[in-house]
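J.:
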Amino acid sequence: MLSSASTSSRFMPPQATEVAQNVDTLYGFLLVISLISCVLVIGGLIYFAVKYRRHTENDKTPYISHNATLEFLWSFIPFLLFMASFVWGWIVYHQLRTAPTDALEVMVRGQKWNWTFAYKNGRTSASEMFVPVGQNVRLIMGSSDVIHSFYIPAFRTKQDVVPGRYTSLWFNAEKEGDYQVFCAEYCGDQHSGMQAKIHVVSREKFEDWLGNDPYKDLPLVEVGRKVYTSRCVACHTLTDQKAVGPGWKGVFGRKEKLEGGSDITVDENYVRESILDPNAKVVLGFPRGVMPTFAGQLSEQEISGAIEFIKSLK
Amino acid sequence: MDDQQHHHMIPLKIYIQVLVLLLVLTAITVAAAQVNFGPWNTVIAMAIASIKAGFVLAFFMHLKYDDKLYRVCFGTAIFFLIVLYAFSKLDIVTRIVVEPFQ
Amino acid sequence: MATATHDPNKNYINEKSGIWSWLTTLDHKRIGILYMISVMSFFAIGGTFAMLLRWELFSAGRNIMDAHQYNQVFTFHGAIMVFMVIIPGIPAFLGNFILPLQIGAKDVAFPRVNLMSWYCLMIGAAIAFFSLFYNGVDTGWTFYTPYSISTQNGTLLMVVGAFIIGFSSILTGLNFIVTVHKLRAPGMSFWRLPLFIWALYSTALLQILATPVLAITLLLLTAERVLGIGIFDPKLGGDPVLFQHFFWFYSHPAVYIMILPAMGVVSELIATFSHKTIFGYKAIALSSVGIAAVSFFVWGHHLFVSGQSEVAGILFSFITMLVGVPTAIKVFNWVATLYRGSMRFDSPLLFALGFIFLFTIGGVTGIILAVIGVDVHFHDTYFVVAHFHYVMVGGTLMAIMGGIYYWFPKMFGRMVNEFWARISFVLIFVGFNVTFFPQFILGAMGMPRRYYDYLPEYQSLNRISSVGAWTIGTGFLVGLFVIIHGMRKGVKAGPNPWGGKTLEWQTASPPPHENFHVQPVVTAGPYEYR
Amino acid sequence: MSTVKTATSGHHHHAHHYESAEHEYVTSKFGTWVFLVTEIVMFGGLFVGYILFHEKFHEMFHAGSTFLNWRLGALNTVVLLFSSLTMALSIYYAQLGKKSLVLLNLYVTLACGFIFLTVKYFEYTHKFHEGLFPGALFSYDGPEAHQFSNLGMYFSFYFVMTGLHGSHVIAGMGLITWLIVRAHRGEFGPEYYTPLECTGLFWHLVDLIWIYLFPLLYLIG
Chain A
1297 MLSSASTSSR
1307 FMPPQATEVA
1317 QNVDTLYGFL
1327 LVISLISCVL
1337 VIGGLIYFAV
1347 KYRRHTENDK
1357 TPYISHNATL
1367 EFLWSFIPFL
1377 LFMASFVWGW
1387 IVYHQLRTAP
1397 TDALEVMVRG
1407 QKWNWTFAYK
1417 NGRTSASEMF
1427 VPVGQNVRLI
1437 MGSSDVIHSF
1447 YIPAFRTKQD
1457 VVPGRYTSLW
1467 FNAEKEGDYQ
1477 VFCAEYCGDQ
1487 HSGMQAKIHV
1497 VSREKFEDWL
1507 GNDPYKDLPL
1517 VEVGRKVYTS
1527 RCVACHTLTD
1537 QKAVGPGWKG
1547 VFGRKEKLEG
1557 GSDITVDENY
1567 VRESILDPNA
1577 KVVLGFPRGV
1587 MPTFAGQLSE
1597 QEISGAIEFI
1607 KSLK
Chain B
4 MDDQQHHHMI
14 PLKIYIQVLV
24 LLLVLTAITV
34 AAAQVNFGPW
44 NTVIAMAIAS
54 IKAGFVLAFF
64 MHLKYDDKLY
74 RVCFGTAIFF
84 LIVLYAFSKL
94 DIVTRIVVEP
104 FQ
Chain C
2 MATATHDPNK
12 NYINEKSGIW
22 SWLTTLDHKR
32 IGILYMISVM
42 SFFAIGGTFA
52 MLLRWELFSA
62 GRNIMDAHQY
72 NQVFTFHGAI
82 MVFMVIIPGI
92 PAFLGNFILP
102 LQIGAKDVAF
112 PRVNLMSWYC
122 LMIGAAIAFF
132 SLFYNGVDTG
142 WTFYTPYSIS
152 TQNGTLLMVV
162 GAFIIGFSSI
172 LTGLNFIVTV
182 HKLRAPGMSF
192 WRLPLFIWAL
202 YSTALLQILA
212 TPVLAITLLL
222 LTAERVLGIG
232 IFDPKLGGDP
242 VLFQHFFWFY
252 SHPAVYIMIL
262 PAMGVVSELI
272 ATFSHKTIFG
282 YKAIALSSVG
292 IAAVSFFVWG
302 HHLFVSGQSE
312 VAGILFSFIT
322 MLVGVPTAIK
332 VFNWVATLYR
342 GSMRFDSPLL
352 FALGFIFLFT
362 IGGVTGIILA
372 VIGVDVHFHD
382 TYFVVAHFHY
392 VMVGGTLMAI
402 MGGIYYWFPK
412 MFGRMVNEFW
422 ARISFVLIFV
432 GFNVTFFPQF
442 ILGAMGMPRR
452 YYDYLPEYQS
462 LNRISSVGAW
472 TIGTGFLVGL
482 FVIIHGMRKG
492 VKAGPNPWGG
502 KTLEWQTASP
512 PPHENFHVQP
522 VVTAGPYEYR
Chain D
9 MSTVKTATSG
19 HHHHAHHYES
29 AEHEYVTSKF
39 GTWVFLVTEI
49 VMFGGLFVGY
59 ILFHEKFHEM
69 FHAGSTFLNW
79 RLGALNTVVL
89 LFSSLTMALS
99 IYYAQLGKKS
109 LVLLNLYVTL
119 ACGFIFLTVK
129 YFEYTHKFHE
139 GLFPGALFSY
149 DGPEAHQFSN
159 LGMYFSFYFV
169 MTGLHGSHVI
179 AGMGLITWLI
189 VRAHRGEFGP
199 EYYTPLECTG
209 LFWHLVDLIW
219 IYLFPLLYLI
229 G
């Protein structure tokens, strides 16, 4: 009976958590019921349609108005099947939504178009997070602008991230690997670009990653490149092509016309100000109020790194 | 062709009595609001308002003497509003508040 | 009124002429035709947006438009199809034309309100389209806050447009309830009403009781954008999840406003084209009303992952299962009607059988989504997109096409070209499955919906889907030509070309202004094939 | 095809698709009641929103309601209740065929509408003067504003609810003016007073909504 469950899992992302296996088994069961009911209904439809074709214009058809037992059966049996799948669904849902108490807690912040993560010891990362294998992890999620949704297909779990309050989600990854994270609630232009990766690694690698400083003995330009790949790639390109924001190649030192009509040359102060307060001086032709502020989210080292990186793109 | 049978008419006296009753009830609800019964204030105010509404519906809007269908209409509207309130309230009350750390 | 001598070739079309006679008509049949023209043109526009969507999704990365334009295209596709095509579709077009005829009335209860309902649709649609000049709308047809509050564009105009279109739906519902209660032909008890009328009556209940909540929600959203009242805006202490509660309290009954009339059309088609009385008349009639009633308690299955509490989620999942039972009963009754019938595969029957085929798949996937444990994975993915297209396009649009071809002789006095109508069915049916079945698999693989760009591994299925979409487009184009050709050059049709037993087949085609020269008296049920 | 109206008092030809004037009367009344259902559900949705937020921010709503002048609210309640009576009486006298009394009652009802709106006008200007604007426009910085950051939300509800109700009062007054014009033409009498009855039902509903609005906003807050 569960053969179709295994065939279905061929079209599903890998089952990386125990909950994912339970969800897939339930989905397999539902697929089997659906297959049977489709075969019954559509098969019956086609069989009757072919068998009872019209021979002459005044064929006599029997006056069958109803049949109580048949009608009872085809109401009660679906009702039982629906109740069974409801209860099974409830059990799986309860498992999905009750986080074990000893879980490793990580703060997740959704912001128009990237995800940032903060661990208890102050270590932060963007667009990617590291998690030890076989460890219960509980994400406490908030949004600083609109509704997003943290969706990990491989863990079969998803939870909206609602501004103004916190929501949570938990998982226990059993297999090491990189797992894709999507934003699943429409949140504007780069909704499809708002992705992240969960790296499930061994405990030692995780402890090492957690402890070290991500920019240890990296030149400022490389720090800037890391900041770019994790925070800015969704809206800025490394060429001179405009995505949502300006392309960075050759922008440094260029003279730009602002919305107010005055001119400005792109220097360190303008870049720093645009990072901390993007709507202060908006260049003509670019949408106002789209770039979020990074004040309080980027350290001094990361901001100066970003500036150096932009400067290096001639 | 016009089989004009006279529709039910409420005597003038009853109209006047209903208005007086409504004004008295308004006075009561205003007086009751001055006294602080704590959460009971809301219940009293809504009860009196519902009584007043009942009188307006029954007499001024002829619901008491009219086709029962109109009562069904009014009742269904109220019923589905209660459903909207009940399910939304259930969600708000049973939400688990998630606390951040740090 | 004395029975004037009625001139046989005088009917509602050629009785008066000139555009003004159409724009100020009070005849329910003419208003039905006005709605037909509006709904079909909005469908053409919405369909074009769908073609653009599928072209952009043909391969990963940028094809023909950038992200912001894509977001506007899917918003307009959704809003036009929902508010202007599929909600007014059957009730206002086929319903307006056929309801008075099927219950033996001369017109709907309030003809002027009926015309006002059409103008509400057109004015609302005009305002909604006007948002294109204020750099469009990119919030999705659901207008979720706080995004719909903060985005600077024409959202306000589309919200006001949808608000006005809502009144068109309310007024149609009001007219139908009063007409069914007060203007039935002598002898036509509630248990002798055709099933299409039962479906329209249940839909009217939904239109009356649910649409006003949409009106107040959109009004609050307008006040939110203009005055910043803060009820749905978290920055001012509001609760965006409450917006979702209010929005879906209307929008789930709205999906039953879309499907119930379609079920009514299919009941008519199955009974007439198998020349056999419908199986389980009372069961189908009561399940229409049953679905309408239970549909008010299930909206929370749209909020399973939105931050709604677990308790509420479980309750909504349970009640959604209950609404599945009457839906299943209806499908089983249709198939049972075919047993020992005498079927001729005219285009209306093909669309009815296509409806049952696709609606069954849509229905079972709906049950899968109602199981809360599984829905967490499938919510907001292409699995959901495939599900609601199976029930909306596979359901309501197939029923609209079936209904048009079925009542075409009654409406225009001519028959459509059967061969090309069947070609259009095959194109739509095959194209539809090729488009949307792969999307179930895409959803299972985790591809989220409303995605402008996707990972390379989703590309092959998206390509198949896009090719299928263009086949549907061709199918509907062929259908359009069939209708236009049929109107002008179709073979003349008699009053009852299909051998139907309901009242509309007892008057001329196209019917005179007052529908029946002699007031029909009903003595038996609607499907008396003895 | 449309209802043909003749000048003689109260005589009226019903529309062609009805069997009799009585049939038209009953159908129109049923149609009005179904329309009232949509009004009740719309205002009801607003009331549900208000009650949900009232229970969420209880103290803030209470503080907000102290700004309202409950005496003006009570006066408006009395005015609307009285106008409900005069509206009902205009139908009563139409059934008796006393055209002058019908007109008198309609004029009094209209006058009550104006009184209601002027009282609302003073309440609104008083609030604007103090800076009690809805939501984000809230610019009052008295002690309560420091105590509750979202005090503006109470006034959002206040202005949306009373504004929507006020617009329905204006709509009702428009209908009554149309009735007055037709009453002057002598169209209403014992045989035909359907428009009076339907407008009356609408006006009573507007009064009914104020009966709930007054305690919810002014008294318990």
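Protein chains in written order, with our numbering: chain A, 1297 to 1610; chain B, 4 to 105; chain C, 2 to 531; chain D, 9 to 229.
Ideal placement from N, C-alpha and C gives every residue a C-beta, glycine not left out.
Would A/S1488 and A/S1423 be called neighbours here (beta carbons separated by less than 8 Å)?
T.: Contact: no.
J.: Looking at chain D, is there any beta carbon in it that lies within less than 8 Å of the beta carbon of B/T97?
T.: With 8 Å as the cut-off, B/T97 does not count as an interface residue toward chain D.
J.: Can you check DSSP and say which residues form a bridge with A/S1464?
T.: In DSSP, A/S1464 forms a bridge with A/I1436.
J.: Identify the contact partners of C/K277 in chain A, using a Cβ-Cβ distance below 7 Å as the criterion.
T.: The contacting residues are T1357.
J.: If I'm right that C/T535 touches C/I271 with Cβ under 8 Å, what's the distance once you round it to whole angstroms?
T.: Given that chain C is displayed from residue 2 to residue 531, the structure contains no residue 535 of chain C and the question cannot be resolved.
J.: What does DSSP give as the partner residues of A/H1444 in its beta bridges?
T.: Its beta-bridge partners are A/V1457.
J.: Can you list, in chain order, the residues of its chain whose CB lies under 6 Å from that of B/H65, leaving out five sequence neighbours each side?
T.: Correct list: empty, nothing qualifies.
J.: Please list, in chain order, the chain B residues whose beta carbon lies closer than 8 Å to that of A/E1401.
T.: F104, listed in chain order.
J.: Where does B/K55 land, buried or exposed, given buried means 16+ other C-beta within 10 angstroms?
T.: The residue is buried, with at least 16 neighbouring Cβ atoms inside 10 Å.
J.: For A/M1403, name the three-state secondary structure that DSSP assigns.
T.: Reduced to three states, the DSSP call for A/M1403 is strand.
J.: Give a yes or no on whether 8 Å exceeds the smallest Cβ distance from D/P203 to chain B.
T.: For D/P203, the answer is no, since every Cβ of chain B falls outside 8 Å of its Cβ.
J.: Under 8 Å by Cβ, that's how I've got C/R464 and C/S151 pegged, so tell me the actual separation to the nearest angstrom.
T.: That belief does not hold up - the Cβ atoms of C/R464 and C/S151 are roughly 35 Å apart, past 8 Å.
J.: Provide the residue span of the alpha helix (DSSP H) that contains D/H192, from first to last.
T.: Start and end: L159 to H192.
J.: Is D/V86 close to chain B? Criterion is C-beta to C-beta, closer than 8 Å.
T.: Interface residue, yes.
J.: Starting from D/Y226, follow its DSSP beta bridges and name the residues at the other end.
T.: DSSP output for D/Y226 lists no bridge partner at all.
J.: Do C/G364 and C/V332 have their C-beta atoms within less than 8 Å of each other?
T.: It is a contact, given that the beta carbons lie within the stated cut-off.
J.: Taking one C-beta from the segment 1353-1360 of chain A and one from the segment 336-350 of chain C each time, how about it: are there three or more such pairs within less than 8 Å?
T.: Because the criterion of three Cβ pairs below 8 Å is met, the segment 1353-1360 of chain A and the segment 336-350 of chain C touch.
J.: How many angstroms separate the CA atom of C/G141 from the CA atom of C/L157?
T.: Straight-line Cα distance between these residues: approximately 13 Å.
J.: Return the Cβ separation of C/T292 and C/L323 in integer angstroms, given the expectation that the two are a contact with Cβ distance under 8 Å.
T.: Looking at the sequence shown, residue 292 of chain C is not Thr but Ile. About 10 Å separates the two Cβ atoms, so there is no contact after all.
J.: Counting Cβ pairs closer than 8 Å, one from the segment 500-516 of chain C and one from the segment 105-112 of chain C, do we hit at least three?
T.: Yes: at least three Cβ pairs fall under 8 Å.
J.: Would you tell me roughly how many angstroms separate the C-alpha atoms of A/A1469 and A/W1411, rounded to the nearest one?
T.: Their Cα atoms are separated by approximately 20 Å.
J.: Does any CB atom of chain A fall closer than 8 Å to the CB of B/V27?
T.: Output row for B/V27: interface = no.
J.: Would you decide whether C/F84 is buried or exposed? Buried here means 16 or more other CB atoms lie within 10 Å of its CB.
T.: Its Cβ being crowded by 16 or more others within 10 Å, C/F84 is buried.
J.: Any contact of the segment 78-97 of chain D with the segment 115-128 of chain D, i.e. 3+ C-beta pairs under 8 Å?
T.: Verdict: yes, contact present.
J.: Compare the Cα-Cα distances from D/T46 to each of B/A80, B/L93, B/I99 and B/F104 and report the closest residue.
T.: Cα-wise, what sits closest to D/T46 is B/A80.
J.: Checking contacts by CB at 8 Å: is A/Y1482 closer than that to chain B?
T.: No - not a single Cβ of chain B is within 8 Å of the one on A/Y1482.
J.: Based on the DSSP output, what are the partners of A/E1552 in its beta bridges?
T.: Answer is A/I1560.
J.: Using Cβ-Cβ distances below 8 Å, what residues of the segment 420-445 of chain C are close to chain A?
T.: Under the 8 Å Cβ criterion, the segment 420-445 of chain C contributes I442 and A445.
J.: Pull up the CB-CB distance for D/Y4 and D/G72, whole angstroms please, since I reckon it's below 8 Å.
T.: Outside the shown range of chain D, which is 9 to 229, sits residue 4 of chain D, and nothing can be said about it.
J.: Which residue's Cα is closest to the Cα of C/A224: C/G48, C/S149, C/N72 and C/S425?
T.: Of the listed residues, the one whose Cα sits closest to C/A224 is C/S149.
J.: Does A/Y1462 get closer than 8 Å to chain B when you measure Cβ to Cβ?
T.: So yes, A/Y1462 belongs to the interface.
J.: So if DSSP puts C/P254 in a beta bridge, which residue, or which two residues, is it bridged to?
T.: Beta-bridge pairing links C/P254 to no other residue.
J.: How about C/S537 and C/G155: do their beta carbons lie closer than 8 Å?
T.: Residue 537 of chain C cannot be examined here, being either before or after the span of chain C that is shown, 2 to 531.
J.: Spell out whether any CB of chain D is found under 8 Å from the CB atom of B/L87.
T.: It does: the Cβ of B/L87 has a partner Cβ on chain D nearer than 8 Å.
J.: Just tell me which of D/T74, D/W78, D/K128 and D/H24 has its CA closest to the CA of D/E152.
T.: If we check each option's Cα against that of D/E152, D/T74 comes out closest.
J.: Residues in its own chain within less than 8 Å of C/M2 by CB, not counting five upstream and five downstream?
T.: Here C/M2 scores only 41 on pLDDT, less than 50, and its place in the model should not be relied on; the value that follows carries that caveat. Excluding sequence neighbours, C/M2 sits near nothing in its chain.
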